[in-house]
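Undergrad: Chains as they are written, first to last, in our numbering: chain U, 66 to 568; chain E, 12 to 731.
Have a look at this one.
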Amino acid sequence: MSLRTGLALRAAAALLALLALGGQASASYEELANEVQEIVLDNGLKILLLERHDVPVFSFWTYVGVGGVDEDNGRSGIAHMFEHMAFKGTREIGSLDIKRELKALEALEEAYAALQAEKLKGDAADSARLASLQAHFEALEAEAASLVDTNAFGKLVEAHGGVGLNAMTSWDATQYFYSLPSNKLELWCLLESDRFINPVLREFYKEKNVILEERNMRTESQPQGRLFEQWVCTAYIGHPYGRPPIGYRSDIELWSRRDAEDFYKRNYGARNMVIAVVGDVYRAELESLAKKYFGQIPPGPGPQAIRTVEPQQLGERRVVIEEATQPFMFIGYHVPARRHADRPAIGALASILGEGRSSRLYSRLVKADQLALWSGAFDGLPGDRYPALLTLIALPNKDVKVEDLEAAVYAEAERIATEGVTESELAGYKTRARAQFIQGLDGNENMAGQLCWAQMILGDWRELFKQLDAIAAVTAADVQRVAGEIFRKSNRTVGLIQTTAGS
Amino acid sequence: MTTTIKRTLTGARPLLLALFAVALLPGAGAAAKGRYDKVIGGLPALRDFQVPAVVREELPNGMVLYLVEDHDLPTVRLSAMIRAGRIYEPGAKTGLADLVGEVMRTGGTERYPGDKLDELLENMGASVETGMDEASASASLRCLTENFDEVLAIFVDVLRHPAFPQEKLDLALTQAKSGISRRNDDASGIANREIQKLYYGATSPYARQPEYDTLAAIAQPDLVEFHKYFYHPNNLILIAGGDFETAAMKAKLAAAFGDWPRAETFFPPDPLLSETPMSVNYIEKADVNQSKIRMGHLGIRWDDEYLFPLSVLNEILGGGFSSRLFTEVRSKRELAYGVWAWMITGNHHRMPFTVGVDTKSESTVEAIQLIMKELERVRVEPVTVEELRRAKEGLKNSFVFNFSNPFSIASRKASYEFWGRPADFLDTYLAKVDAVTAADILAAAQARIHPDEMAILVVGKAEDFDAPLSSLGFGEASVIDIAIPEPKFELALPAETPENLAAGRALMDKAVAAHGGARALAAVKSLRMAGDFAIKESGMGPLTFGVVQQRLGDDRLRLETTTPFGNMLQVLTPEVGWMKSPRGKQKIEGDDLAQMWRSERSDVLYLLRHLDDYRALPMASESCAGQECAVVYLKGAGDEGYKLCLGPEGRIHAMEYKDQGQSGPVINFTVLSEYQATGGVQLPRKFVISQDGKEFATMTVKEMAVNPTLAAALFEEPAD
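Below, the structure written as structure tokens:
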């Protein structure tokens, strides 16, 4: 595209922006759906762009359709580990001498393999050999570390004005995001493509310890974290939704860099990624840069389909942790996956039952009977790709027995199954859903995340804007029917913290 | 290539960042050549852009408005900042301000009661919320444009006329008590709460926590009073942003708030602050494998002379991937997932400089020592050229994000006005950051960062630590006991159902009969009583005072006490009281007077004559001080209540209630005996009094006269 055309395009866009600021008729969010643009590269990568030129900033969201569910048994948490590795730089950034560093990392890997092999002999291990292998490993680790330009990736992003640099790994997906001033567009294209084309998984064995600290913080040293992990693992006996994305401690300790590399090579790929860009970016420029940079991401085979379908739960399951902390309760009921036709009705059910102060659970358990300090319900755990859990949470007030609270929760849930919901409640839910949807479009980062989620989970970003139609079509009869199907004793998994006497 | 928008329609001014856009940034790293350097070298400067116009308006009653239009979405947001806060609640009622913030919304108003409000708002997908902070309170509104008028009416009513209904206060108190019972479950929560007490002092309004007893002292009138005292238009700044026309919104807000009368509020002086002394502190948490470490001391407010060098130092020392702590503690030594250091800029008062790290128990001392080393380093070594340049570039390049959202731009301006910051603070920000040198940072660190005068707190499991905390070199760690103080007086009362109230009243009617009957009790117009008050164990051994008490009606009291150290006289009327002692004469007013009258109500004669002021609730029978008793609880306003044990003859055999002791609230348990009939009324002659379960004193009545003639002068202000 010629310079002149580019200038003309920008001038036109600026003029449009100017007009928009001039106080015209109220904004209509429905037009946003028409403003989202798609760029599809030859390698299958889809880039979604929503132009917003008020302020010279943009946010992006990279959604990789690979998460905890795609891990092998014995290597839980490796998807999350790769997410950490994606901040460690590439061949071109983060190294003081890439040739030497790669050699050192190879040698380190062999030393680790030898060390692990000896360790796995358990009592039969030769302690002298073990000590010598350990020393050798540490020496090689130190050598590799000396060739690292620590945190070069993060430092570069921050120096160029990047804010909100972060990422997250869930059962379903790995997501990367931050925001930059819009004059940094090409730098972002380089950084974001490079990290998925040429990652160097440096400082791997150190980072294992960081992950262990993260596990300590989120799961092991927090009462609700402990309960949550045990509970979700009990709700799923076959499907990998029952495995925590942070990984089991013993798996983490045995990871090798090769495991993470293999995982990345097998699962990451342009065909299984979508990138959304929202902000002061013009299509023509983005398209040209995208072809140059993101076009190099290998298409990838993508993850294998998950074979196991969670078998139907035939009886109530319970996890009761007795400890000195205050009582807490998770109750999960199996529901179909996000794209199932019943999910809009289930969303209505969850909201009427447990969203907000006027919801059934809050009104009865918190306000009227004062059994619960808080109670709520939501659908969306653990994820959206596979059948999930409609989750109810309740915390008893001081001196309330958790059994009484549990019974009261079931009474409210089952009341919807027997009596249904009122038209007023359903209408209120639909209005609420619409308002929340509109408010969710606020902010570049939010918008980018939503577009990616819709593209990868619903199958098409346009479905994001059609969800409200599906919600509008839900009837009270639908809600009552799904309540009857879901709220059965045999369908529930209960996780409780019970306070030990004398605490 | 830049696009500069010079023409404006709304009066917005273009923001010239070009001056500070940096074309030449350091390259990608020492060894990276090629692509990164090339791309970075070719990046354009940031283009100019318009900042949305924010309009400020002041209503005649002193309310200040900040308005900004934003037509991207059909939504409207309002946010109010009110001059109120936790620091204005009395210490004995810690928790009051938060209850106001909570119940203002949950209780709704007369026109919009709480539960109706919940339904109404949630069915519109709208929200109105209220809150409380240390030195400010908040109220907010969010809705779709189409609902604005309706939601505005709600917002105005909640701000101006909250009802604070008793049932919603009770709910909030129940929730607050549950919150207290849970506050030691999570190690992070403990660490973040307790470190504030170390920074500010445990009783400081900036750090203190509600307890069961402080909550018990709060009554509904306190909330009404708090709101009435602080919530005035001249104490309030309102921000409005969203899908509206400025002129129309101005008119709506003026119509909604214009007739709200202004009122002057006396704000007491702010709590005094003193520097944090050096201390190492430990809190045991047995169910963790990770220590939560928090350390630091009081820091700065926005008007500190070192603000800008410290802002740059924040980036270098403890913010984000670039920081020294992230690099040293996390990346290089993998001791933590979470580590940070931050000099918070206080708006109202000096906020802390705080360092935090969560590390496995076995690396607790190592992590602390590493951090101490880094804190000492910034005081001794200037930061490197590279660090300085990168930190400044980061701050300057990310500056544009201050303008990414019209509402936040208006909010920030309002906040500057609220806290007294100059309105042009942000205008000079970039230049001031740019001017910071390594020498400036060194001077700032030496002035404001003191690793030898700070509080270190570790919440964790000491038996797993790599070394004892004493090895840090500051002596033995102080062990902080965070056991939640039990409420001194909390009974599980039966519900106030009509049946229960009737049964309770029936029991009290029997007691009235056993004491002589309602008519005889009502016929007592005055009383004179003399006797001995023998304290079992005072600070000076057993002591006995002579006591003469005279009462006229229920609202005049005269108490003469004869002690070995001098005589004391107390005269009480409902409006004022006096106390005369060898040290002189003192007036008794306000809360003190109210407390003394309350003590007087814990009297057999008074209670039996004023049963209509209380709700009587029956409780399980008890064996009480040697007698099988029926038990009734007389519940008054707030936390006033009396547990009465009625003996076999129906008379009051014992009483238990919350009282004011020498050093705070105590549970008073009094056994009443040696009943005699005087003037048709059965009254006890012996009172054995215990406080908090320990026998305290015995009152023995030697003379009792019912309906003596008492001169009015006895109940006037005593002579000097």
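Note that CB positions come from ideal geometry on N, CA and C, so glycine has one too.
Source: prediction; values computed, not measured.
Residues of chain U with CB under 7 angstroms from G136 of chain E, in chain order?
TA: Correct list: T496, R497, R499, A500, Q501.
Undergrad: Could you tell me the boundaries of the beta strand (DSSP E) in which I458 of chain U lies?
TA: 453-461
Undergrad: Would DSSP call L532 of chain U helix, strand or coil?
TA: Here residue 532 of chain U turns out to be Gln, not Leu, going by the sequence shown. Q532 of chain U: helix per DSSP, three-state reduction.
Undergrad: To be precise: take each residue of the stretch 393-420 of chain E, compare its Cβ to all Cβ atoms of chain U, and keep it if any distance is under 8 angstroms. Which residues remain?
TA: R401, E404, G405, K407, N408, S409, F410, V411, F412, F414, S415, N416
Undergrad: Compare the beta carbon distance of P310 of chain U and A144 of chain U with 8 angstroms and say whether it is the shorter of the two.
TA: yes
Undergrad: What's the C-alpha gap between G550 of chain E and N679 of chain E?
TA: 19 angstroms
Undergrad: According to DSSP, is W439 of chain U helix, strand or coil?
TA: strand
Undergrad: In this structure, how does DSSP classify Q89 of chain U when only helix, strand and coil are distinguished?
TA: For Q89 of chain U, the predicted structure reports a pLDDT of 32, less than 50, and the residue's modelled location is therefore unreliable. The matter cannot be settled from this model.
Undergrad: Do A402 of chain U and R450 of chain U count as a contact pair if the criterion is CB distance below 8 angstroms?
TA: yes
Undergrad: In chain E, which residues lie less than 8 angstroms from T215 of chain U when you measure between Cβ atoms?
TA: T338, S342, K343
Undergrad: Helix, strand or coil: how does DSSP classify S151 of chain E here?
TA: strand
Undergrad: With DSSP as the reference, identify every bridge partner of D668 of chain E, one or two as the case may be.
TA: One detail in the question is off: residue 668 of chain E reads as Tyr in this sequence, not Asp. Looking at the DSSP assignment, Y668 of chain E forms a beta bridge with E:Y653, E:N679.
Undergrad: Ignore the nearest five residues each way along the sequence and tell me which others in G349 of chain E's own chain have a CB closer than 6 angstroms to its CB.
TA: D369
Undergrad: What residue does the beta strand (DSSP E) around P553 of chain E start on, and which one ends it?
TA: 552-563
Undergrad: Is it the case that the Cβ atoms of A176 of chain U and H201 of chain U are separated by a distance below 8 angstroms?
TA: yes
Undergrad: Strictly under 8 angstroms for the Cβ-Cβ distance: is I250 of chain E near chain U by that measure?
TA: no
Undergrad: How would you call I362 of chain U, buried or exposed, if buried means at least 16 neighbouring beta carbons within 10 angstroms?
TA: buried
Undergrad: Tell me, please, whether the CB atom of P363 of chain U is closer than 8 angstroms to any CB atom in chain E?
TA: no
Undergrad: What are the partner residues of D188 of chain U, as DSSP defines its beta bridges?
TA: Note: D188 of chain U sits in no beta bridge, so no partner.
Undergrad: Could you spell out the range, first to last residue, of the alpha helix (DSSP H) harbouring E639 of chain E?
TA: Note, E639 of chain E: premise wrong, no alpha helix (DSSP H); beta strand (DSSP E) at 638-646.
Undergrad: Buried or exposed: A43 of chain E, going by 16 or more other Cβ atoms within 10 Å of its Cβ?
TA: With a pLDDT of 46 at A43 of chain E, under the threshold of 50, the modelled position of that residue is not reliable, and no figure is offered here.
Undergrad: Using 8 angstroms for Cβ pairs, my map puts A488 of chain E next to S286 of chain U. What's the rounded Cβ distance?
TA: The pair is not a contact, with the Cβ atoms about 20 angstroms apart (cut-off 8 angstroms).
Undergrad: Put F337 of chain E into one of helix, strand or coil per three-state DSSP.
TA: helix
Undergrad: If distances are taken between C-alpha atoms only, which option among U:I481, U:L454, U:R404, U:A355 comes closest to D107 of chain U?
TA: Ranking U:I481, U:L454, U:R404, U:A355 by Cα distance to D107 of chain U puts U:A355 first.
Undergrad: Can you pull the chain U neighbours of K371 of chain E, defined as C-beta to C-beta under 8 angstroms?
TA: L277, E278, N281
Undergrad: May I ask you to verify whether the stretch 103-121 of chain E touches the stretch 219-232 of chain E, counting CB pairs closer than 8 angstroms and requiring at least 3?
TA: yes
Undergrad: The beta strand (DSSP E) that contains Y243 of chain U, what's its start and end?
TA: Annotation: the continuous beta strand (DSSP E) that includes Y243 of chain U extends over 239-246.
Undergrad: Which residue comes first and which comes last in the beta strand (DSSP E) that contains I371 of chain U?
TA: Looking at the DSSP string, I371 of chain U is not in any beta strand (DSSP E), and its letter there is neither H nor E.
Undergrad: Is I362 of chain U near the ligand MG - that is, is its Cβ less than 7 angstroms away from at least one heavy atom of it?
TA: Looking for the ligand MG in the displayed structure turns up nothing, as the structure carries no ligands at all.
Undergrad: In three-state DSSP terms, what is Q673 of chain E?
TA: coil
Undergrad: How many angstroms separate the CA atom of L195 of chain U from the CA atom of V547 of chain U?
TA: C-alpha separation (whole angstroms): 59 angstroms.
Undergrad: Given a threshold of 16 other Cβ atoms within 10 Å of its Cβ, counted over all protein chains shown, does Y617 of chain E qualify as buried or as exposed?
TA: exposed
Undergrad: Output needed for W526 of chain U: all residues of its chain with C-beta closer than 7 angstroms, excluding positions within five of it in sequence on either side, in chain order.
TA: V101, L113, L516, A519, Q520
Undergrad: Mind listing the chain U neighbours of V50 of chain E? Cutoff is C-beta to C-beta under 7 angstroms, in chain order.
TA: The contacting residues are E251, L252, L255.
Undergrad: Please list, in chain order, all residues of the same chain as L89 of chain E whose beta carbon is under 6 angstroms from its beta carbon, the five residues on each side excluded.
TA: L152, A251
Undergrad: Considering only C-alpha positions, which residue in the set E:A174, E:V167, E:E286, E:K296 is nearest to P244 of chain E?
TA: When each option's Cα is compared against that of P244 of chain E, the closest is E:V167.
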